[in-house]
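Numbering (our numbering), first residue to last: 15 to 335.
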């Protein structure tokens, strides 16, 4: 079924001035032709149409509106095709193990919250793909913000993967957001939104996992692979920035080691159901030399409040403290 739109698509946003654009220098050990390795076997075959699990997407949207209470929820983009899950339904403990490993071992800079949520979400979506786990993305737009011990930030949008997991009590699929920036626990979507929403109205998109930036502020993305080079580059750049923030906060971090995910078994390891697993069993293969970076597919769309679309503060007002 086609994408449906329930509100007008706004004009394109300004490109964020602090988004990483990929023009960084690299040490000699980075001169790796990622596409030169033998093509890895797909460890888990994609589900056939007969195996696809059906979920009540419209019921989830109604429930989210109800759970947000006095916050007005509107939907700009909802992909009805996501009612048929694109992978298997994991358990909660499996997702906790993955999220904890992503947060602690992967090198993806989840504590750098000023920018880069689009890249972090893409890196997680690639891990779920390699494990055969269903995933979509949930974009929330509005007057948003949060803080951690390194940064106090304001956003106009935020994004993370949306995964349907097995409910421990009923065995039925239930939606959860995976965002290690807020801890390793898979969160109910309403709980996740409440952690950063600061306004009385939000706009939500539920889209397929290839979508890198919010729909309406750039191209529609059809393949996860298209933005993997951008996601890797942004994640490496902000990992270095996070390292500097930690040093300025007096933490003993040692020298910066740029994270790499281009080899099988990268991203950290965890144990689940008596099996040893890794975040990226195939590695994140972007198919070209890191030294010969192509330009991004489009100008970066930063979530920073300073990069908000024109007139955003009139539409999405912050609530008084």
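Glycine is no exception: its CB is placed at the ideal position from the N, C-alpha and C atoms.
Values in this document were obtained by computation on a predicted structure and should not be read as measured data.
For residue 120, the secondary structure class from DSSP, reduced to helix, strand or coil, is coil. If only complete runs of 3 or more residues are kept, the stretch 127–205 shows the beta strand (DSSP E) at 150–161, 166–180 and 187–191, in order along the chain.
Looking at the DSSP output, residue 292 shares a beta bridge with 283.
Each residue's CA atom was taken as its position, placing residue 111 and residue 146 some 16 Å apart. Measuring C-alpha to C-alpha distances from residue 242 to each of 223, 256 and 258 identifies 223 as the nearest. Shown here for residue 254: same chain residues with a beta carbon closer than 6 Å to its own, the five before and five after excluded, namely 270 in chain order. Look at the stretch 208–290 and you find these whole runs of beta strand (DSSP E), each 3 residues long or longer: 211–222 and 280–286. When the five nearest sequence neighbours on each side are left out, the beta carbons in the same chain lying within less than 7 Å of the beta carbon of residue 135 are those of 151, 173, 174 and 175, in order along the chain.
Burial check for residue 184: the Cβ neighbour count within 10 Å stays below 16, so the residue is exposed.
In its chain, beyond the 5 residues on either side, 267 have a beta carbon closer than 7 Å to the beta carbon of residue 261. Within the model, the alpha-carbon separation for residue 289 versus residue 205 is close to 31 Å. The bridge partners DSSP lists for residue 105 are 180. For the options 68, 137 and 90, the alpha carbon positioned closest to that of residue 96 is the one of 68.
Around the CB of residue 161, fewer than 16 other CB atoms lie within 10 Å, so the residue is classed as exposed.
Contact check for residue 200 against residue 78 fails: the beta carbons are separated by 7 Å or more. Ranked by Cα distance from residue 93, the options 115, 212, 72 and 197 are led by 72.
In the three-state reduction of the DSSP assignment, residue 79 falls in the helix class, which pools H, G and I.
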